[in-house]
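So that you can map any letter, position 2 of the sequence shown is 2 in UniProt numbering, and since no number is skipped, the others follow by simple counting.
Ideal Cβ positions, reconstructed from N, Cα and C, are used throughout, including at glycine.
The structure presented is a predicted model; accordingly, all values stated were derived computationally and were not measured.
Structure, as structure tokens:
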Amino acid sequence: MSLSIVKSVLPAGVIEIAPRGEIDVDTAYEVREAIAEVLAKGRPARIELNMRLVTFIDSVGISAMVAGFQTAEVSGVKLIVTEPSRFVHRQLWVTGLLGLFGAPEPYFAGAATPEVLPGA
Numbered sequence: 001m002s003l004s005i006v007k008s009v010l011p012a013g014v015i016e017i018a019p020r021g022e023i024d025v026d027t028a029y030e031v032r033e034a035i036a037e038v039l040a041k042g043r044p045a046r047i048e049l050n051m052r053l054v055t056f057i058d059s060v061g062i063s064a065m066v067a068g069f070q071t072a073e074v075s076g077v078k079l080i081v082t083e084p085s086r087f088v089h090r091q092l093w094v095t096g097l098l099g100l101f102g103a104p105e106p107y108f109a110g111a112a113t114p115e116v117l118p119g120a
């Protein structure tokens, strides 16, 4: 499987980078380059790495994320992970890096959104 990356501008000067597919030895550089490209264009308030659609990540992919975190930090920009897939969440937890990326909760596809009851 290949990797595609979508970049979006969110409110309050936040840039979202959303990879889709597998981040491994063949594609990890794309994540690093996406982060570097965002930082080359300016200083966003924050970079959110939305990992919801990442189906696999290996140690080279994790290293690319850490390198991106460090590059952002040197630029004075906070990089966090949002909505990690269960696989990504587990890999970050096992490596002890979950806290580095903001300790996000795993994304559960199809999870019900809590209902707001009238008058509540």
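| query | What is the rounded straight-line gap between the Cα of L97 and the Cα of V66? | reply | What you label residue 97 is simply residue 97 of the sequence shown in a count that begins at 1. What you label residue 66 is simply residue 66 of the sequence shown in a count that begins at 1. Looking at the two C-alpha atoms, the distance is approximately 9 Å.
| task | Look up E115 in the DSSP assignment and say whether it is helix, strand or coil. | result | Indexing the sequence shown from 1 puts residue 115 at position 115. In this prediction, E115 scores a pLDDT of 49, lower than 50, which makes its location untrustworthy; the coordinate-derived value is nonetheless stated afterwards. Three-state DSSP puts E115 in coil, outside helix and strand.
| Between Q91 and the rest of its own chain, which residues show a CB-CB distance below 7 Å, the 5 nearest in sequence each way excluded? | Sequence index remark: in the sequence shown, residue 91 carries index 91 (1-based). Same-chain partners within the cutoff: I57 and I62.
| query | With C-beta atoms as the reference, is V54 less than 9 Å away from R20? | reply | Taking the sequence shown and counting its residues from 1, one reaches residue 54 at position 54. Taking the sequence shown and counting its residues from 1, one reaches residue 20 at position 20. It is a contact, given that the beta carbons lie within the stated cut-off.
| query | How about V77 and P44: are their beta carbons less than 9 Å apart? | reply | Taking the first residue of the sequence shown as 1, we reach residue 77 at position 77. Taking the first residue of the sequence shown as 1, we reach residue 44 at position 44. In this structure, P44 lies closer than 9 Å to V77 by Cβ.
| Going straight from the alpha carbon of V25 to that of I47, what length do you get? | Residue 25 sits at position 25 when you count from the first residue of the sequence shown. Residue 47 sits at position 47 when you count from the first residue of the sequence shown. When rounded, the distance between both Cα atoms is 23 Å.
| Hey, quick one: how far does the beta strand (DSSP E) through F56 stretch, first residue to last? | For the purposes of this step, residue 56 is identified with residue 56 of the sequence shown, where counting begins at 1. For F56, the enclosing beta strand (DSSP E) has its first and last residue at L53 to I57.
| Helix, strand or coil for T95 per DSSP? | Translated into the one-based positions of the sequence shown, residue 95 becomes position 95. DSSP places T95 in coil when its eight states are reduced to three.
| Buried versus exposed call for F69 [16 or more other C-beta atoms within 10 Å across all chains shown] | Counting from 1 along the sequence shown, the entry for residue 69 is found at position 69. Under this definition F69 is a buried residue.
| CB T71 to CB I35, shorter than 9 Å? | Translated into positions along the sequence shown, residue 71 becomes position 71. Translated into positions along the sequence shown, residue 35 becomes position 35. Contact flag set, yes.
| field | Enclosing beta strand (DSSP E) for E16 [first to last residue] | value | Locating residue 16 in the sequence shown gives position 16, counting from the first residue. Note, E16: beta strand (DSSP E), V14 to I23.
| message | Once the 5 residues before and after P114 are set aside, which same chain residues still bring their CB inside 7 Å of it? | response | In the sequence shown, counting from the first residue as 1, residue 114 sits at position 114. The pLDDT assigned to P114 is 48, lower than 50, so where the model puts this residue is not dependable; a value taken from the coordinates is nonetheless given after this. Here the set comprises nothing.
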